[in-house]
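Residue numbering for the sequence shown follows my numbering, beginning at 73 and increasing consecutively.
Heads up, the beta-carbon is just placed ideally off N, CA and C, and yes, glycines get one too.
Fair warning: this is a prediction, and the values are worked out from it, not measured in the lab.
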Amino acid sequence: MNKVMSRKPQTRPHHRPPTRHDTRRPGTPTRGRTTTARPTDLFADRLLAVLSGQRPVHWMLRHTAGSAYDDLARLAERTPLRTRGTTRPTVHDLGWFVPRTGALEVFARIAAGDRLRALAFRLEQSEDLRWRCTAVELATPSPQRCTTP
């Protein structure tokens, strides 16, 4: 069945290009993906990139407040989440607690190779409504205990 359109095409002024009907900006996620990411997910990925050696520590400078940057710099010196080979560490599980409005305490399980590591950080929302990391901790492996008789 052939369908015939009876409407006349709209005329546009010839002195400017046609307007864009798609209001999304280039590069935004399309259907099926989440358009807004939670700050917990973003910061977990950012901290993971720094602690695995994929990004330099100063990449987090504007995203941290207080002594968190110094703590992150000390942790990143050893690149504790670096894996061997081509596999990259990933966020295995993520959870958070809201102690008060504008603050989040986040914990993440990081899969680095065949090991799971624990990462904890605190996010606080500043007056300009941006989230900043104010504390970061990484569970270090416990030293091997020698049990000698």
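Burial state of residue i, where buried means 16 or more other Cβ atoms lie within 10 Å
i: Phe-115; result: buried
i: His-135; result: buried
i: Leu-147; result: buried
Rounded straight-line distance, which links the Cα of residue j to that of residue i
i: Asp-186; j: Arg-154; result: 12 Å
i: Ala-140; j: Ala-192; result: 12 Å
i: Leu-166; j: Val-178; result: 7 Å
i: Glu-199; j: Phe-169; result: 21 Å
i: His-164; j: Ala-207; result: 21 Å
i: Arg-160; j: Thr-151; result: 13 Å
i: Met-132; j: Leu-120; result: 11 Å
i: Arg-189; j: Ala-211; result: 7 Å
i: Pro-171; j: Gly-125; result: 31 Å
i: Ala-109; j: Leu-195; result: 15 Å
i: Arg-127; j: Thr-112; result: 18 Å
i: Arg-118; j: Arg-156; result: 20 Å
i: Glu-149; j: Leu-123; result: 8 Å
i: Arg-202; j: Thr-158; result: 34 Å
i: Thr-173; j: Gln-197; result: 9 Å
i: Ala-145; j: His-130; result: 8 Å
i: Glu-209; j: Asp-142; result: 12 Å
Beta-carbon separation (whole angstroms), residue i vs residue j, contact threshold 8 Å
i: Ala-175; j: Thr-162; result: Their Cβ separation, rounded to whole angstroms, is 26 Å, which puts Ala-175 and Thr-162 out of contact at 8 Å.
i: Arg-204; j: Ala-137; result: 4 Å
Paired residues, beta bridge with residue i - DSSP
i: Leu-51; result: For the chain, the structure presents residues 73 to 221; residue 51 sits outside this window and is missing.
i: Gly-174; result: Gly-174 pairs with nothing; no bridge assigned.
i: Arg-204; result: Glu-196
i: Ala-183; result: Thr-162, Leu-188
Whole runs of the beta strand (DSSP E) within the region 128-171, excluding any shorter than 3 residues: Correct list: empty.
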